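Worksheet: one structure, shown below.
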Amino acid sequence: MSSVLQNLIDQPYQAGFVTDIESDTAPRGLSEDVIRMISAKKEEPQWLLDFRLEAYRHWLKMAEPAWPNVSYPKIDFQDIIYYSAPKPKKKLSMDEVDPELLRTFEKLGVPMNERAALAGVAVDVIFDSVSVATTYKQKLADVGIIFCSISEAVREHPELVRKYLGSVVPTGDNYYAALNSAVFTDGSFCYIPKGVKCPMELSTYFRINTQDSGQFERTLIVAEEGAWVSYLEGCTAPKFDTNQLHAAVVELVALDDAEIKYSTVQNWYAGDANGVGGIYNFVTKRALCRGARSKVSWTQVETGSAITWKYPSCVLLGDDSVGEFYSVALTNHKQQADTGTKMIHIGRNTKSRIISKGISAGESNNSYRGLVRVGPKAEGARNFSQCDSLLIGERCGAHTFPYIQVQNPHAKVEHEATTSKIGEDQLFYFQSRGIDVEQAVSVIINGFVKDVFTQLPMEFAVEATKLLGLKLEGSVG
Amino acid sequence: MIVKDSRVLLEVKDLRAAIGGREILKGMNLTVRAGEIHAIMGPNGSGKSTFSKVLAGHPTYEVTGGTVTFEGKDLFALPPEERARAGIFLGFQYPVEIPGVANTQFLRLAYNTVQGARGKDELDPLEFDDFVRERMKLLEMDPGFLDRSVNEGFSGGEKKRNEILQMALLEPVLSLLDETDSGLDIDALRIVARGVNTLIHKDNACVLVTHYQRLLNYIRPDYVHVMESGRIIKTGDPSLALELESRGYDWVSEEFRSRAAA
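Quick note, the sequences are listed as chains Y and F, same order. Using the numbering used here, the first residue of the first sequence is number 1, and each one after it goes up by one. Using the numbering used here, the first residue of the second sequence is number 1001, and each one after it goes up by one.
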């Protein structure tokens, strides 16, 4: 049986190719000079340069976190290229976008103009640190929504960016967040004004291109009172042998009665079957439910990267605010994932819900790490957590590290966890009813993840289902 | 029912099979014709469950010798799922639980896969729902079973009914029912037996693997075989089962040994 499971996993990465576009690249390594160069290249105001330098000075004093349940060779931060941009061109419209770039997206199955038009999705394309095309901006602008690259937001809406940037993830928050704050080159900015329900799903495709270039996106989403937005983030990366560091920061702010739904499908290059290459995905994602009755829902489907280190979190400050975390993390071959969430209950009657589904195959290691903290004033706080692990084969690992800290005697916190294995007997049961092993695995996996996938926007759920099947091909045998 | 000169469905010749290098089946011989019900009895460890699993293709067992033909084809040339599509059905002694997969989804997938392999029409979820509810009546099953995960939290009797429901849906040519009676109370046993009796007809066949004679009060076999040490040591009519019930297995064993010595 293990050889059938094995064959399912051994599927080559289907998005592995390099696009040849002239780059404008910083020298390797990090210093105040490099940060000044990035800031100058981007013609940034002084306050942002100060923000970067403050973060850099924090970073110098910090140590790489050693607590995650992952292992990798030491990263040489002086061997990374911190800035790489396609040659600057005049302001682009859709038909002026580099055709080479468009072909890249086609190969990935993202024909963005058609996709955007057909699906009604506004796509803010990140290609190697600089945003090159933004669509549907006008339609969004009509209702007062700002959706643009963070660089553009710094130029066009500096007061908003200055007000909220770093307000959820401070410059000195953690090692990788500090690094990101010092060197981030681009990302997305989204602002939904008071009372506006965003008329379409907002979607960003990220893609690392230049070999050896670190990628440091910065995303900031602000939902004013009563605003509603659903944001989709999906990514694939080309195949490289050297490891690429990816340290993004995502900040979400929800004011009174606002709701943000943030969905991710992550399929960065995971390295080959022997664990060579692949992305180090060290991401800080955090939401601040600042307003009363605000709600943030994180949904993630993590299938790629050699190493994933990521804890999309909610700080539930406003009374009656709600935080949700729905996660499917799949690891195969030698992938390592240490992922989960933090739910910090500060306001009264705050509620949180955590549904985590980890799937381990091959020789991979998959850890759930989650913190539920209820502060002394969080009267009536409620949490429910469910962490399920599914093992495929004999050589993988699943781990659960739940941390629960309750300082209020009236809080109610529930934690449930299960570990199961796709067993030979389950597969034989399917086979004895005429169903082959690959289909059996797919049915079992889809059943396992369905509580999370029902949270995804429909077209994303369809893609994600295909992705899981693809990633597990050859893993059952 | 024994129909003279009816079609041979299953021909087992000198079958040997091992698990982890230890031989369990040591020369099984059995011929099953269309329309027949065979009961295989024997003490624990005699190899009767192994026999049914080997025929269905369980991966734990290694076939070390002999041949099995099913409707004239070499059974061992087919992977387990193709044996099922060809019409072999194994009713499990301990049906496995499959959390997260709705029973109705599983049943429809199995049904459509087997239908497709036979070149017949598949059913969409609505059509299937009508169809499966009709079949569930035969087994007096609550439609609520459809929405639950496959076998998860089912009682022993519910699991066995779910097995016979699958038999009713897949309409196999040869059903191998492994200790279907174990864990059933008398009412459930009667319902399950009625289901099996309804499903068996002149063009298919059934092999009942059972430890107790009790089941045979409800499903009347044409042949009763006694297994010991991985082979059949005695074959008789239904009266043999009653005799085993009253006298145990030892006398059959002794009779076999003295016959072998002679």
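Glycine included, each C-beta is placed from N, C-alpha and C at the ideal position. Just so we're clear, the structure is a prediction, and the values are computed from it rather than from any experiment.
Quick check on residue i: does DSSP put it in helix, strand or coil?
i               : result
L53 (chain Y)   : helix
V1150 (chain F) : strand
V1114 (chain F) : helix
T418 (chain Y)  : strand
P1099 (chain F) : strand
S297 (chain Y)  : strand
L1184 (chain F) : coil
S1175 (chain F) : strand
A223 (chain Y)  : strand
P1125 (chain F) : helix
E379 (chain Y)  : coil
Y368 (chain Y)  : strand
W25 (chain Y)   : The sequence as given places Thr at residue 25 (chain Y); Trp does not occur at that position. Three-state result, T25 (chain Y): strand.
P1080 (chain F) : helix
A1018 (chain F) : strand
R1220 (chain F) : coil
S1258 (chain F) : helix
W1251 (chain F) : helix
G447 (chain Y)  : helix
T331 (chain Y)  : strand
D320 (chain Y)  : coil
Give the single residue among the options whose Cα lies nearest to the Cα of residue i.
i               : options                               : result
D1185 (chain F) : F:L1215, F:L1075 and F:D1203          : F:L1215
A258 (chain Y)  : Y:D319, Y:Q405 and Y:A329             : Y:D319
V449 (chain Y)  : Y:S327, Y:W59, Y:P193 and Y:E32       : Y:S327
S151 (chain Y)  : Y:L49, Y:K421 and Y:R433              : Y:L49
E201 (chain Y)  : Y:L179, Y:F189 and Y:L232             : Y:L232
C387 (chain Y)  : Y:C396, Y:G358 and Y:S364             : Y:G358
I1037 (chain F) : F:L1009, F:Y1094 and F:S1229          : F:L1009
G323 (chain Y)  : Y:G423, Y:A306, Y:L252 and Y:T331     : Y:L252
F325 (chain Y)  : Y:H333, Y:T264 and Y:V168             : Y:T264
L288 (chain Y)  : Y:S305, Y:P312, Y:E424 and Y:I355     : Y:P312
K377 (chain Y)  : Y:S167, Y:A177, Y:H157 and Y:L316     : Y:L316
K139 (chain Y)  : Y:P199, Y:Y164 and Y:E156             : Y:P199
K1053 (chain F) : F:A1084, F:E1245, F:R1259 and F:V1101 : F:A1084
By Cβ distance, which residues of its chain are closer than 7 Å to residue i, with the 5 residues on each side in sequence left out?
i               : result
V1096 (chain F) : N1151
L1199 (chain F) : M1167 and A1168
To the nearest angstrom, report how far apart residue i and residue j are at their CA atoms.
i               : j               : result
L1078 (chain F) : G187 (chain Y)  : 54 Å
L470 (chain Y)  : E438 (chain Y)  : 11 Å
V372 (chain Y)  : T339 (chain Y)  : 14 Å
E394 (chain Y)  : L1090 (chain F) : 27 Å
D1129 (chain F) : K1159 (chain F) : 19 Å
C148 (chain Y)  : S203 (chain Y)  : 11 Å
F206 (chain Y)  : Q215 (chain Y)  : Residue placement at F206 (chain Y) cannot be trusted, given a pLDDT of 42 that sits under 50; the coordinates are not used to answer.
K1026 (chain F) : E1082 (chain F) : 26 Å
L1174 (chain F) : V443 (chain Y)  : 27 Å
A55 (chain Y)   : Q244 (chain Y)  : 21 Å
A1193 (chain F) : D1187 (chain F) : 10 Å
M1028 (chain F) : R1231 (chain F) : 5 Å
E1062 (chain F) : K261 (chain Y)  : 53 Å
K91 (chain Y)   : A411 (chain Y)  : Residue placement at K91 (chain Y) cannot be trusted, given a pLDDT of 42 that sits under 50; what the coordinates show is reported in the next sentence. Distance between the alpha carbons of K91 (chain Y) and A411 (chain Y) is about 54 Å.
E1023 (chain F) : A1017 (chain F) : 6 Å
L1176 (chain F) : S230 (chain Y)  : 53 Å
Y82 (chain Y)   : R28 (chain Y)   : 7 Å
A361 (chain Y)  : L391 (chain Y)  : 6 Å
F1154 (chain F) : T1050 (chain F) : 24 Å
A440 (chain Y)  : A1117 (chain F) : 17 Å
P1125 (chain F) : L1146 (chain F) : 12 Å
Might you give, ordered along the chain, the residues of its own chain that have their beta carbon closer than 6 Å to the beta carbon of residue i, omitting 5 neighbours on each side?
i               : result
K1048 (chain F) : I1040, G1042, V1209 and M1227
V143 (chain Y)  : V196
G1183 (chain F) : G1156
F1070 (chain F) : L1010
Shorter than 6 Å, the distance from the beta carbon of residue i to the closest heavy atom of the ligand MN, or not?
i              : result
Y368 (chain Y) : As for the ligand MN, it is missing from this structure, which has no ligand bound.
In the DSSP assignment, what residue or residues form a beta bridge with residue i?
i               : result
S313 (chain Y)  : Y:R286
Y263 (chain Y)  : The identity of residue 263 (chain Y) in the sequence shown is Ser, whereas the question assumes Tyr. Per DSSP, Y:L232 and Y:T299.
I346 (chain Y)  : In the DSSP output, where bridge partners are listed per residue, I346 (chain Y) has none listed.
Q215 (chain Y)  : Y:H246
E252 (chain Y)  : First, the amino acid is wrong: residue 252 (chain Y) is Leu here, not Glu. L252 (chain Y) is bridged to Y:I221 and Y:A287.
F1070 (chain F) : F:L1010 and F:K1073
C148 (chain Y)  : Y:F189
V1032 (chain F) : F:L1010
Cβ closer than 7 Å: which chain A residues qualify as neighbours of residue i?
i              : result
F428 (chain Y) : The question asks about chain A, but that chain is absent: this structure's protein chains are Y and F.
Whose C-beta lies closer than 8 Å to the C-beta of residue i among residues of the same chain, with five residues either side of it excluded?
i              : result
K466 (chain Y) : none
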